[in-house]
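Numbering (this note's numbering), first residue to last: 306 to 560. Note that beta-carbon positions come from the ideal geometry of N, C-alpha and C, so glycine has one too. Every value quoted in this text rests on a predicted model; they were computed, and no experiment measured them. Have a look at the structure below before the remarks.
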């Protein structure tokens with residue numbers, strides 16, 4: 306029985322994981338692989354399609370089949386929201402992740418689009434509003450050295466943020482300390498955060514925005530931020546490239 310595409314994919318997978326083809330390197334041309342494994346070009350194409358679906362490689366125009374960069378950025382859990390960072394410093398959450406991962410960052414790594422819109426069911430439920438009630442939407446696209454990593458879209462009651470930097474469309478964080486610092490100045494200091502995380506395949510728009518290779522899922526984050534009195538002051542949705550983050554949580558075990 307001859308070598309099939311699954312066997313070729315397994316050989317290439319092992320070579321990638323073993324370091325023979327390091328991150329950002331290019332696999333040999335398909336003709337060379339066909340000769341090496343004594344198979345036809347169709348078998349090689351199928352094998353590479355398997356690796357592409359697994360997120361191990363991606364086709365790059367004029368380069369060929371490139372091995373994906375695997376070392377992900379750390380996405381901190383509770384530590385990314387430490388008040389020492391945003392209340393008493395100038396480090397917003399996405400920058401805390403960059404610093405923990407040893408990566409440089411600039412405020413321009415985050416775009417910013419602000420508009421007044423109508424609350425959908427999820428937003429309305431989180432903020433305690435009626436569906437269709439007016440809310441401010443603040444949508445950000447975050448990049449790491451030019452590569453998109455995630456989007457984050459926050460929703461606020463208009464009365465809470467009207468006239469503040471949170472409704473200013475200038476690129477980058479909403480001033481020193483970001484949005485949480487702005488809410489604090491408004492008398493709405495964030496105290497408690499609840500996050501729900503799940504994975505799914507991206508929509509075509511999400512795949513284009515995040516420049517995702519074929520087959521890569523996204524990690525969805527829903528965040529609800531409340532004051533010490535329990536008043537919800539922000540609902541946020543994040544869409545993250547699954548391969549670009551390692552989610553890291555450190556916490557005290559409850560009694």
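Open item on the list: In this structure, how does DSSP classify residue 489 when only helix, strand and coil are distinguished?
Closed with: helix
Open item on the list: Assuming the contact rule is C-beta atoms closer than 8 Å, residue 524 and residue 507 should be a hit. Round their C-beta distance to whole Å, please.
Closed with: The pair is not a contact, with the Cβ atoms about 10 Å apart (cut-off 8 Å).
Task: Span of the alpha helix (DSSP H), counted from its first residue to its last, around residue 371 - done: Unbroken run through residue 371 is the beta strand (DSSP E), 369-372; no alpha helix (DSSP H).
Open item on the list: Here's the rule I'm using: 16 or more other beta-carbon atoms within 10 Å means buried, otherwise exposed. How should residue 320 be labelled?
Closed with: Exposed is the call here.
- [ ] Compute the Euclidean distance between the alpha carbons of residue 555 and residue 365, then round it to the nearest angstrom.
- [x] Rounded to the nearest angstrom, the two C-alpha atoms are 37 Å apart.
TODO: Taking only the alpha-carbon atoms, compute the straight-line gap between residue 399 and residue 491 and give it to the nearest angstrom.
DONE: 22 Å
TODO: Can you tell me which of 471, 358 and 351 puts its alpha carbon nearest to the alpha carbon of residue 416?
DONE: 471
Open item on the list: Going by C-alpha to C-alpha distance, which of 534, 309 and 443 sits closest to residue 424?
Closed with: 443
- [ ] Would you list the residues sitting across from residue 418 in a DSSP beta bridge?
- [x] Under the DSSP definition of a beta bridge, residue 418 partners with 444.
Open item on the list: Suppose the cutoff is 6 Å on Cβ atoms and the five residues either side in sequence are ignored; what does the same chain contact list for residue 308 look like?
Closed with: 342 and 344
TODO: Please classify residue 434: does DSSP put it in a helix, a strand, or coil?
DONE: coil
Open item on the list: Taking the straight line between their C-alpha atoms, what separation do you get for residue 306 and residue 454?
Closed with: The pLDDT assigned to residue 306 is 48, lower than 50, so where the model puts this residue is not dependable, and the model offers no usable value.
Open item on the list: Could you give the first and the last residue of the continuous beta strand (DSSP E) run that contains residue 342?
Closed with: Where residue 342 is concerned, there is no enclosing beta strand (DSSP E), although the alpha helix (DSSP H) it sits in stretches over 335-342.
Open item on the list: Between the alpha carbons of residue 465 and residue 433, how many angstroms are there, rounded?
Closed with: 13 Å
- [ ] Determine the direct distance from the alpha carbon of residue 489 to that of residue 529, and round the result to whole angstroms.
- [x] Distance between the alpha carbons of residue 529 and residue 489: 16 Å.
- [ ] Could you spell out where the beta strand (DSSP E) holding residue 543 opens and where it closes?
- [x] 537-546
- [ ] Determine the extent of the alpha helix (DSSP H) in which residue 321 is found, giving its start and end residues.
- [x] 310-322
Task: Backbone CA spacing between residue 553 and residue 340 [nearest angstrom] - done: 43 Å
- [ ] Indicate the three-state DSSP secondary structure (helix, strand or coil) for residue 464 in the structure shown.
- [x] helix
Open item on the list: Cutting at 6 Å between CB atoms, please list the residues of its own chain near residue 310, excluding the five before and the five after it.
Closed with: Cβ within range, chain order: 348, 351 and 352.
Open item on the list: For residue 538, tell me which candidate among 367, 441, 356 and 355 has the shortest Cα-Cα distance.
Closed with: Nearest of 367, 441, 356 and 355 to residue 538, Cα basis: 441.
Task: Rounded straight-line distance, which links the Cα of residue 462 to that of residue 531 - done: 13 Å
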